[in-house]
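Numbering (this note's numbering), first residue to last: 2 to 164. Even for Gly, the Cβ is constructed at its ideal location relative to N, Cα and C. Because the structure is a prediction, the values reported are computed rather than measured. The next block holds one structure in the form of structure tokens; read it before the comments.
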């Protein structure tokens with residue numbers, strides 16, 4: 002049969018050790034009516050110039066890990082785990098362990114741990130400005146925060162977190 006993220010998710014959860022990782026079969030890319038997503042090494046790469054923010058990719062992802070990020074965002078977190086830190090340490094060398102160092106370090110109060118997952122309030126972050134020096138990127142011991150460039154996210158950036 003055809004390989005789809007939805008099919009793999011229903012059948013066995015996907016090929017990665019982390020149950021929250023991207024499955025990589027491209028349901029998000031297939032759902033995009035603007036061809037703004039291409040799959041590179043089984044990871045979605047979004048072309049921000051083609052993306053109109055319609056959310057089709059978000060709805061198509063059975064793992065719920067696709068997120069619309071504002072074009073002016075300063076940082077992003079590609080890790081979507083909700084597992085406790087001990088479980089993450091055993092399964093993944095790069096996942097969030099919920100240590101909250103980023104939460105404590107953020108002067109804008111734009112980073113929160115909500116339902117076991119790190120969330121960024123991009124509006125608060127952008128309003129605060131660059132004076133913080135993206136301290137969340139610096140303070141994260143697992144290096145899951147990434148500076149957000151208004152260009153494409155590379156598959157290598159995503160792969161480093163999902164490995």
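Nearest-angstrom Cβ-Cβ length linking residue i and residue j, presumed shorter than 8 Å
i: residue 149; j: residue 41; result: Not confirmed; about 18 Å, so no contact.
i: residue 21; j: residue 64; result: 6 Å
i: residue 124; j: residue 114; result: Actually they are not in contact, since the Cβ atoms of residue 124 and residue 114 sit about 18 Å apart, beyond 8 Å.
i: residue 29; j: residue 67; result: 5 Å
C-beta contact flag for residue i and residue j at 8 Å
i: residue 118; j: residue 83; result: yes
i: residue 86; j: residue 70; result: no
i: residue 61; j: residue 32; result: yes
i: residue 93; j: residue 137; result: no
i: residue 23; j: residue 96; result: no
i: residue 49; j: residue 72; result: yes
i: residue 51; j: residue 127; result: no
Minimum C-alpha distance to residue i - residue among the options
i: residue 78; options: 91, 12, 9 and 135; result: 135
i: residue 4; options: 95, 19, 26 and 127; result: 26
i: residue 108; options: 95, 8, 15 and 140; result: 140
Burial state of residue i, where buried means 16 or more other Cβ atoms lie within 10 Å
i: residue 146; result: buried
i: residue 1; result: What the structure shows of the chain is the stretch from 2 to 164, and residue 1 is not part of that stretch, so it cannot be assessed.
i: residue 143; result: buried
i: residue 47; result: buried
i: residue 111; result: buried
i: residue 15; result: buried
i: residue 81; result: buried
Start and end residues, beta strand (DSSP E) containing residue i
i: residue 39; result: 38-41
i: residue 120; result: 118-121
i: residue 104; result: Segment 102-106 is the alpha helix (DSSP H) holding residue 104; no beta strand (DSSP E) there.
i: residue 53; result: No beta strand (DSSP E) holds residue 53; DSSP gives it neither H nor E.
The alpha helix (DSSP H) enclosing residue i, as first and last residue numbers
i: residue 136; result: 136-140
i: residue 114; result: Taken as a continuous stretch (DSSP letters only), residue 114 belongs to no alpha helix (DSSP H), being part of the beta strand (DSSP E) at 112-115.
i: residue 89; result: 86-92
Any non-hydrogen atom of the ligand GTP within 7 Å of residue i CB
i: residue 143; result: This structure lacks the ligand GTP, and indeed carries no ligand of any kind.
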